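All residue numbers for the sequence shown refer to the numbering used here, where the first residue is 3 and numbers rise by one.
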Amino acid sequence: MSASNSKKHDNLTYASRLPDSAARSPRLLISRMSAIGDTILTLPVAGALRDAYPNAFIAWVVEKKSAAMVRQQEFLDSVVELERGWFTSPRGIFEARRRLRKLNIDTAIDCQGNTKSALACWLSGAERRIGHAGYHGSELSGWLNNLLVPTRKPHLTDRSLGLLEPLAIKQPRIRWQLPVPAEAIEWAEAWRRRFPQRLAVLNPGASWDSKLWEMDRFGAVATHLDNVHQTRSVVIWGNAQEREWGEEIVEMSGGTAVLAPDTNLLHLAALLGTADLFISGDSGPMHMAVAMGTRTIGLHGATRAADSGPYGPPHVALQRAFHDGNRRERRAAGNTAMRAITVEDVCQSIDKIFAQPHAAAA
Numbered sequence: 003m004s005a006s007n008s009k010k011h012d013n014l015t016y017a018s019r020l021p022d023s024a025a026r027s028p029r030l031l032i033s034r035m036s037a038i039g040d041t042i043l044t045l046p047v048a049g050a051l052r053d054a055y056p057n058a059f060i061a062w063v064v065e066k067k068s069a070a071m072v073r074q075q076e077f078l079d080s081v082v083e084l085e086r087g088w089f090t091s092p093r094g095i096f097e098a099r100r101r102l103r104k105l106n107i108d109t110a111i112d113c114q115g116n117t118k119s120a121l122a123c124w125l126s127g128a129e130r131r132i133g134h135a136g137y138h139g140s141e142l143s144g145w146l147n148n149l150l151v152p153t154r155k156p157h158l159t160d161r162s163l164g165l166l167e168p169l170a171i172k173q174p175r176i177r178w179q180l181p182v183p184a185e186a187i188e189w190a191e192a193w194r195r196r197f198p199q200r201l202a203v204l205n206p207g208a209s210w211d212s213k214l215w216e217m218d219r220f221g222a223v224a225t226h227l228d229n230v231h232q233t234r235s236v237v238i239w240g241n242a243q244e245r246e247w248g249e250e251i252v253e254m255s256g257g258t259a260v261l262a263p264d265t266n267l268l269h270l271a272a273l274l275g276t277a278d279l280f281i282s283g284d285s286g287p288m289h290m291a292v293a294m295g296t297r298t299i300g301l302h303g304a305t306r307a308a309d310s311g312p313y314g315p316p317h318v319a320l321q322r323a324f325h326d327g328n329r330r331e332r333r334a335a336g337n338t339a340m341r342a343i344t345v346e347d348v349c350q351s352i353d354k355i356f357a358q359p360h361a362a363a364a
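Structure representation (structure tokens):
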């Protein structure tokens with residue numbers, strides 16, 4: 003019998019089993035290690051915990067690549083940043099244990115559901131380690147966590163919030179609260195003033211080749227935005243390859259698109275917050291745009307929109323096909339499923355979004 007099946011979900015809430023003082027002021031750890039987009043999608047967990055337990059100590063353990071998304075986040079009291087691959091060496095594990103034990107955590111919440119995220123929870127010394135039951139509790143997480151919660155909704159944000167049921171938190175409000183500094187917002191607003199018309203941001207990049215949409219199609223979308231909606235397109239980029247793609251899109255758009263300036267993650271978030279529309283494959287910037295309240299069109303092929311699409315209205319998730327298979331197989335696949343999304347599909351979604359008054363996402 004698997005660990006997930008052998009550990010039944012405890013219907014007694016965690017809060018009801020703690021002494022009154024601990025229930026009022028629990029010491030909580032969120033474990034979401036990596037993937038910038040997934041880290042952003044987990045941010046509502048911090049807000050839900052703070053709403054339910056205003057006097058709690060809330061910490062987050064994360065790998066450094068994604069740390070900017072939670073560092074200085076207003077609902078958190080502490081962020082433990084670990085090096086990538088920390089769990090592959092005795093020294094890294096010992097150092098993680100030393101830092102996590104200092105926090106005196108009583109309950110850890112494994113939102114990622116794999117060995118390293120569950121190991122961090124276990125190393126913290128938390129008596130209760132809440133994790134996913136079944137498919138989303140992968141690798142050794144089902145053995146390292148001791149309170150497993152069945153998945154009720156597919157989206158990553160909903161799955162993560164579902165882990166709070168043992169803490170007597172149900173149907174929490176969604177608050178992203180990306181920690182974007184005032185300096186970044188001022189910079190983005192100054193840059194935005196260069197464009198008096200509406201602004202759409204296009205993101206051709208993605209962490210998997212199977213998530214990419216063709217550059218000529220982005221170019222055609224930019225042309226549509228200019229011709230039909232008098233909207234200027236800006237193409238963002240994060241590395242040399244993506245900059246080349248951006249230059250290609252600018253050329254194919256006939257100059258209706260421009261290349262975005264070089265930015266760090268938080269300046270990018272601020273820039274996205276000034277846009278009227280964002281179009282992208284499944285990526286960190288896509289979820290960043292949603293968190294900043296920018297209307298978003300997500301393009302999906304190697305991932306399911308129901309699992310990781312732009313969260314909630316007024317956003318749109320487009321998916322015409324899906325690469326079946328495990329994560330490794332989908333990552334290595336071609337982008338046939340992405341090519342099933344046509345320029346017309348995207349342009350029709352743009353038309354519908356711009357036909358409605360703008361109401362930012364929750």
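The C-beta atom is built at its ideal place from N, Cα and C for all residues, glycine as well.
Quick caveat: nothing in here was measured; it's all calculated off a predicted structure.
Taking the C-beta atoms as reference points, W145 is found nearer than 9 angstroms to A120. Here the alpha carbons of L270 and V292 stand approximately 13 angstroms from one another. Comparing alpha-carbon positions, the option among E141, P156, P168, H157 lying closest to L150 turns out to be P168. C-alpha of L261 to C-alpha of V318: approximately 24 angstroms in a straight line. As computed with DSSP, D40 is found in no beta bridge at all. Assignment of beta-bridge partners to N328 by DSSP yields no partner. Under the 8 angstroms Cβ criterion, the stretch 123–137 does not count as touching the stretch 43–59, having fewer than three qualifying pairs. For W124, the uninterrupted alpha helix (DSSP H) segment begins and ends at 117–125. Relative to the Cα of S140, the nearest Cα in the group N116, T159, L43 belongs to N116.
In the DSSP assignment, F356 falls within the alpha helix (DSSP H) that extends over 345–356. In this structure, the beta-carbon distance from G303 to K213 falls below 9 angstroms.
Between the C-alpha atoms of A272 and M294 there is a straight-line separation of about 8 angstroms. Between the stretch 197–214 and the stretch 302–316 there are three or more inter-stretch CB-CB distances shorter than 8 angstroms, so the stretches are counted as touching.
Put simply, the backbone Cα of L201 is about 20 angstroms away from that of E244.
Burial of N205 is indicated by the presence of at least 16 other C-beta atoms within 10 angstroms of its C-beta.
Partner residues in the beta bridge of R29, as assigned by DSSP, are F59.
Judged by beta-carbon spacing, L166 lies within the 9 angstroms limit of I111, meaning their Cβ atoms are closer than that value. The DSSP assignment places 233–237, 259–261 as complete runs of the beta strand (DSSP E) inside the stretch 213–265, in order along the chain (cut-off: 3 residues). Rounded to the nearest angstrom, the gap between the Cα atoms of V81 and T344 is 42 angstroms. Note on geometry: alpha-carbon atoms of R177 and S235 lie some 28 angstroms from one another. By DSSP's assignment, I111 forms a beta bridge with I32, I132. Under the three-state reduction of DSSP output, A342 falls in the coil class, being neither helix nor strand. If you check the CB distance, S285 and A186 do not come in under 9 angstroms.
In this chain, the alpha helix (DSSP H) harbouring T159 covers 158–164.
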